[in-house]
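Trainee: Can you read through this structure? Questions will come right after.
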Amino acid sequence: DTGVSQNPRHKITKRGQNVTFRCDPISEHNRLYWYRQTLGQGPEFLTYFQNEAQLEKSRLLSDRFSAERPKGSFSTLEIQRTEQGDSAMYLCASSLTISVGVLGYNEQFFGPGTRLTVL
Amino acid sequence: AQSVTQPDIHITVSEGASLELRCNYSYGATPYLFWYVQSPGQGLQLLLKYFSGDTLVQGIKGFEAEFKRSQSSFNLRKPSVHWSDAAEYFCAVEPPYNNAGNMLTFGGGTRLMVKP
């Protein structure tokens with residue numbers, strides 16, 4: 850396994866169109882995260898899955914965004930009715946969380962990202 | 077809510093010179109701490125991490141970072157910078173508690189340029 854992969858690497862779309870991105874995590878990893886990174890900023894958390902369950906969503910994730918992780922393997926992030934403000938790099942990360950009591954040790958490995966440009 | 081501050085947006089150093097990138101965090105308890113590097117158009121690569129124990133941690137590519145609890149800081153250092161180190165560097169924190177989801181909160185990044 851060579852790491853986290855994301856497809857497509859680049860997507861150009863017109864405002865109002867729907868887009869879908871795919872993330873394939875490292876195979877034994879139980880957690881999968883989506884982050885968004887706008888130009889000149891650090892990544893911001895969007896949502897995460899533990900196996901197939903989506904456990905948390907950021908307030909950044911509007912109703913136009915939906916994410917799935919069927920069968921706890923790959924994940925998709927769909928944006929409906931895209932807006933110019935959605936233009937960003939969408940990063941996926943996966944991790945194998947090791948729980949020790951209430952603590953969780955969690956090293957996230959990132960994919961190369963999908964750069965979305967909305968015209 | 078946790079936050080991360082990287083006070084220096086841009087830093088330029090000469091090749092061979094030493095480097096220190098600053099990171100300060102705000103969190104109720106001691107979080108887990110990370111430094112990532114991002115080359116143009118690429119994803120994030122983990123340089124080093126701190127979970128607990130020795131406050132001076134060694135990472136890849138000759139980088140190290142020191143956790144100072146009293147200053148809520150986790151500064152990244154390298155004794156001699158190489159031209160290939162030019163990139164964007166991000167400090168990040170993670171809540172240590174498993175039920176908090178362990179999602180990362182990133183600083184705004186520091187862009188490092190290296191002069192020949």
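In the order they appear, the protein sequences are chains F and L.
According to my numbering, the first sequence is numbered sequentially starting from 850.
According to my numbering, the second sequence is numbered sequentially starting from 77.
For glycine and all other residues, C-beta sits at the position ideal for the given N, C-alpha and C.
(1) Of all the CB atoms in chain A, is at least one closer than 8 Å to the CB of L/Lys154?
(2) Taking 7 Å as the limit between beta carbons, can you name the residues of its chain near L/Phe143, skipping five residues before and five after?
(3) Roughly how many angstroms separate the alpha carbons of L/Gln134 and L/Lys154, rounded to a whole number?
(4) Using alpha carbons as the reference points, say which of L/Pro83, L/Gly92, L/Val89 and L/Leu152 lies closest to L/Ile136.
(5) Run through chain L and tell me which residues come within less than 7 Å of F/Gly960, C-beta to C-beta.
(6) Classify F/Asn955 as buried or exposed, calling it buried when 16 or more other Cβ atoms lie within 10 Å of its own Cβ.
(7) Just to check my reading of the structure: F/Val967 and F/Arg864 have Cβ atoms closer than 8 Å, yes? What is that Cβ distance to the nearest angstrom?
(8) Between the Cα of L/Val157 and the Cα atoms of L/Glu170, L/Arg145, L/Leu180 and L/Ser90, which residue gives the shortest distance?
(9) Give the single residue among F/Phe958, F/Glu927 and F/Phe898 whose Cα lies nearest to the Cα of F/Ser911.
(10) Return the CA-CA distance between F/Asn856 and F/Phe870, expressed in angstroms with no decimal places.
(11) CA-CA distance, F/Glu917 and L/Gly177?
(12) Measuring straight from C-alpha to C-alpha, what distance separates F/Arg885 and F/Glu932?
(13) The beta strand (DSSP E) with L/Gln134 in it runs from where to where?
Mentor: So, to answer that:
(1) The chain inventory of the structure shown lacks chain A, comprising the protein chains F and L.
(2) Leu109, Tyr126, Thr131 and Phe150
(3) Near 10 Å, if we compare the C-alpha coordinates of L/Lys154 and L/Gln134.
(4) L/Leu152
(5) Gly119
(6) buried
(7) 6 Å
(8) L/Ser90
(9) F/Glu927
(10) 6 Å
(11) 17 Å
(12) 15 Å
(13) Leu132 to Gln134
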